[in-house]
Amino acid sequence: MKRDIKDLSIEELKQYLEVNGFLTFHALQIFNWIYKKVTDNFSLMTDLSLALRSFLEENFYIQGLSLKEKKISSDNTEKYLFKLKDKNSIETVAIPSGKRITGCLSSQVGCKFSCKFCASGILGFKRDLKVGEIIEQILYLNSHHRLTNIVFMGIGEPLDNYENVLKAIRIINSKEALNFGARRITISTCGIIPAIRKLIEEDLQIELSISLHSPDDKIRSLLMPVNKIYPLRELISICKEYIEKTNRQITFEYVLIKGINSDLSFAEKLSKIAKELKLCKVNLIPANPIKEYNILPPNKLEILYFRDYLLKRKVNVTLRKSRGRDIEAGCGQLRLRYEK
Ligand code: SAH
């Protein structure tokens, strides 16, 4: 069985080479080919001996994803549906905005957390993505665009695949691979408290987003069943600890859903949480309609009232445009249709 060579850190590759009688410095050459020259074929690695090239060919592969569908939205958002080696599928999105191009990555096949507004959970959970599968989404997008930012806001819960997500981040962050700045990488979580606690101790300057979606414990439990395991109060308290210990800002994602979490009593409670935490900001996102859940965004006026209420209370808030709606770019929507 061949392995994905991108599952290995450079240290692991060195060790593997050494155990098999090759010199360790070849690891750096191999990383150069894969990450800097984006080669997907060992035979093209012309500064390696033929013996090493065929050894690599026998034991590893470089390309594990195959493109099944690509859609370009009228707002230039690009959505890719990839098939994995085991026939599962995932989505990856490229979102241009001004000078930025953000890659939105999947971290799992499906999702365990079944938030009641998100298409990703509808088909349930299949498996974690491997390190190489996470990295390959970045390599693919990066070969078409120069990504400036990476967010783990595609399918899956990145903190439920903690080891692989963190290892993938360390690899692309390393100078031997992409040297991609940790500050330009965001992990978004539905609020897995023990994993956030672990993240505080990591020596990585990555950004953290929390999918909050309600400042009210009962409504949050209805929208996000994970709130029954990791309730709001405890979540806010670990956020406080995160901010105090790392001195980094937390972003709260807040999907505005018509008739559920968008009246001003929610804005009031949300502003209290933001005041309590100080070093935080709020991203308001009008819900992408999901017909399986009867989810709709509030009307324009209601959205603006909500934002203005927060602005007046000096909350750092931005209203996001919903991107790529015409190409089913919302979390898990394209895969859902494909698998159906
Ligand atoms: N599991 C992680 C990452 C994936 S979700 C998390 O929960 O943060 C990434 C973001 O997309 C989340 O903020 C999520 O709430 C949002 N999202 C999901 N469904 C949506 C919808 N129908 N409309 C708008 N945003 C949605």
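For reference, each letter of the sequence shown is one residue, going 0 to 339 in numbering that gives the first Met the number 0. Here a beta-carbon is modelled for each residue, glycine too, at the ideal position from N, C-alpha and C. If you're wondering where the values come from, they're calculated on a predicted model, not measured in any experiment.
{"Query": "With a threshold of 16 other CB atoms inside 10 Å of the CB of Leu365, please say whether the residue is buried or exposed.", "Result": "Residue coverage of the chain in this structure runs from 0 to 339, which leaves residue 365 outside it and unanswerable."}
{"Query": "Below 8 Å, can you find three or more Cβ-Cβ pairs linking the region 13 to 33 to the region 71 to 83?", "Result": "no"}
{"Query": "Could you work out which residue in Ser264, Gly102, Ala266, Leu140 is closest to Asn148 when comparing CA atoms only?", "Result": "Gly102"}
{"Query": "Ser173: which of Ser142, Leu203, Glu156, Thr188 sits nearest, CA to CA?", "Result": "Leu203"}
{"Query": "Using beta-carbon positions only, say whether Ile218 and Cys238 come within less than 8 Å of one another.", "Result": "no"}
{"Query": "Arg336 and Ile89 - do their beta-carbons sit closer together than 8 Å?", "Result": "no"}
{"Query": "If I follow the unbroken beta strand (DSSP E) through Asp74, where does it start and stop?", "Result": "It is not in any beta strand (DSSP E) - Asp74 carries neither H nor E in the DSSP assignment."}
{"Query": "Give the range of the alpha helix (DSSP H) segment to which Val164 is assigned.", "Result": "161 to 172"}
{"Query": "Just grab the DSSP bridge partners of Cys279 for me.", "Result": "Ile249"}
{"Query": "Apart from the five residues on each side of it in sequence, which residues of its chain come closer than 7 Å, Cβ to Cβ, to Asp46?", "Result": "Gln28"}
{"Query": "Going straight from the alpha carbon of Glu301 to that of Tyr253, what length do you get?", "Result": "14 Å"}
{"Query": "Which word fits Leu43, buried or exposed, when buried means at least 16 other C-beta atoms lie within 10 angstroms of its C-beta?", "Result": "exposed"}
{"Query": "Going by the beta-carbon positions, is the gap between Asn112 and Glu175 smaller than 8 Å?", "Result": "The question names Asn, yet the displayed sequence has Phe at residue 112. No; because the gap between Cβ atoms is not below 8 Å, this pair is not in contact."}
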